[in-house]
Amino acid sequence: MSQIIQLKNHHLDGMSTDFLYHLAINVVDTKDTRDIQSQFGDVRFILTGGTSTRMLELAKYVRKLFGVEDTSDPVDLCKKGHRYAMYKVGPVICVSHGVGSSTFSVVLHELLKLVHYAKCKDPVFLRIGTCGGIGVPPGTVVVTKNAFNGLLRNEHEIAILGERVVRPAQFPESVIKDILAYGARDDDGFQIISANTMGTDCFYEGQGRTDGAICEYSAEDKMKFLQKCHDLGIRNIEMEASMFASVTQKIGVKAGDICVTLLNRLDGDQVDSEKKEEYEHRPFLVLGRYIQELLKK
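For the sequence shown, the UniProt record's numbering assigns the number 1 to the initial residue and increments by one for each residue that follows.
What follows is the structure, given as C-alpha cells:
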C-alpha cells in the first residue's frame, strides 16, 4: 500500500507556514497544501547530484527517456534561492546539492519536507555522483550498501546541541537489488557493483590524498589507510554517503547512492580528465533504466 512519508519532528505540527528557504518554496498553509500537491504531488523520484549543470543534463536525459520532444532548457524551480537548482520532468525532480554532506544535508531536509507537504506516495531519493575507487577499475559504477564515515565507522556522526549524536548509515537492500537488476546490461562495457562506501568531510586529507595544500603523512601511511578501507569492503570514497544514508534511514524513506569511480586510488590521486565526462554519464544510464522499470509497476 502506498505511503506518504512521516517526518521525525513534532515541532512542525505547530507551524502554520513553512518557508523552504534554500529551495525558495513557500508552504503558505501547512494544514492545506493543495497548491504544493498540485505542483509536486506526482513526484516519485528525487534525483540529486553535486552540480546544477549535471542536474540540468540529467533532467534533459530523463525528458528524452519519457519521449518529450521539447529541446528547450527545463525551468529552474529554485532559481530565486540562488543556492540550488531544481528541475521537474513529470514524476521526477532533479536537484543539485553542492559538494559534501553539509550542503547536501540542507537541501535534503527541505526536500523531505517538500515531498511530505506534497503528499508524494512512496518517493525514492537517489544520488548520483563521482568518486575515487579502491581496488576497482576507473569507470566502475558503485551502488552503496553500508556507508562509513571518515573514522571508518559504519555510521554518521553529527553534533546536535553540543552533543555527539551517532546514527546508523545503511541503504535499503530492496533499492540496491532493484538498481542492480534493472540498471545493468551485459553490453555496457563497464562494471556495476554493490559495495561499501566511505563518505568523508574532506576531499584531500580526509581521503588520504597526497596532492593537497597540506599533507603530514607519508605515501606509505596513505596506502595502509586505503588497504584498511579495502579490507572493510569499501570500494569507493566520496563526501555524502554516510549523511545521506543516515538521514533517509532515520526518516524511513527509500534511497540509493549511485557513483562512478574516476580513478583507482591504489594507483594514484589524479583524475584522468579525458575520461571524466564519459564516466560521469554512466550513472545516467543506470538510473534511467531503474526509473523506467519502476514506472511500469
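C-beta: ideal position from N, C-alpha, C; glycine also.
Fair warning: this is a prediction, and the values are worked out from it, not measured in the lab.
### Task
Give a yes or no on whether 8 Å exceeds the smallest Cβ distance from Cys215 to chain C.
Among the protein chains of the structure shown there is no chain C, as only one such chain exists.
### Task
Assign Gln207 to one of two classes, buried (16 or more other C-beta atoms within 10 Å of its C-beta) or exposed (fewer than that).
Taking the first residue of the sequence shown as 1, we reach residue 207 at position 207. So Gln207 ends up on the buried side.
### Query
What runs of the alpha helix (DSSP H), each 4 residues or longer, lie entirely inside the segment 101-146?
101-117
### Counterpart residues of Asn9 in DSSP-defined beta bridges
As a first step, residue 9 is located in the sequence shown; it is residue number 9 there, counting from the start. DSSP output for Asn9 lists no bridge partner at all.
### Query
Should the segment 190-206 be called in touch with the segment 145-152, which here means at least 3 C-beta pairs below 8 Å?
yes
### Task
Jot down the residue ranges of each uninterrupted beta strand (DSSP E) in the segment 165-220, minimum 3 residues, whole runs only, in chain order.
192-199
### Query
With Ile192 and Val136 assumed to form a contact (beta carbons below 8 Å), what rounded beta-carbon distance in angstroms separates them?
For the purposes of this step, residue 192 is identified with residue 192 of the sequence shown, where counting begins at 1. For the purposes of this step, residue 136 is identified with residue 136 of the sequence shown, where counting begins at 1. The pair is not a contact, with the Cβ atoms about 11 Å apart (cut-off 8 Å).
### Backbone secondary structure at Leu286 - three-state DSSP
Position 286 of the sequence shown, counting from 1, holds the residue named residue 286. Here residue 286 is Val; the residue named in the question, Leu, does not match the sequence. Residue state, collapsed to three classes: helix.
### Query
If you compare alpha carbons, which of Gln3, Lys254, His281 is closest to Lys121?
In the sequence shown, residue 121 corresponds to position 121, counting from 1. Measuring from the Cα of Lys121, the nearest candidate turns out to be Gln3.
### Message
Quick check on the burial criterion: 16 or more other C-beta atoms within 10 angstroms. Buried or exposed for Tyr217?
### Response
The residue labelled residue 217 in the question sits at position 217 within the sequence shown. It counts as exposed.
### Task
Can you have a look at Phe19 and say buried or exposed, based on whether 16 or more other CB atoms are within 10 angstroms of its CB?
As a first step, residue 19 must be located in the sequence shown, where it is residue number 19. Per the 10 Å Cβ criterion, exposed.
### Task
Can you say whether Val95 is buried or exposed, counting buried as having 16 or more other CB atoms within 10 angstroms of its CB?
The sequence position of residue 95 within the sequence shown is 95, counting from 1. With 16 or more Cβ atoms within 10 Å of its Cβ, Val95 is classed as buried.
### Query
Are Ser101 and Met243 close, meaning C-beta to C-beta below 8 Å?
On the sequence shown, position 101 is the one that residue 101 refers to. On the sequence shown, position 243 is the one that residue 243 refers to. Contact: yes.
### Query
Skipping 5 residues on each side, what residues in its chain have a beta carbon closer than 7 Å to that of Arg83?
Residue numbering aside, residue 83 sits at position 83 when the sequence shown is read from its first letter. Only His22 meet the Cβ criterion.
### Task
Within the same chain, show all residues whose beta-carbon is closer than 6 Å to that of Gly288, passing over the 5 residues directly before and after it, in chain order.
The residue you call residue 288 lines up with position 288 of the sequence shown. So the list reads Leu65, once near-sequence residues are dropped.
### Query
What are the partner residues of Tyr87, as DSSP defines its beta bridges?
Along the sequence shown, read from residue 1 onward, the residue named residue 87 stands at position 87. DSSP output for Tyr87 lists Cys94 as bridge partner(s).
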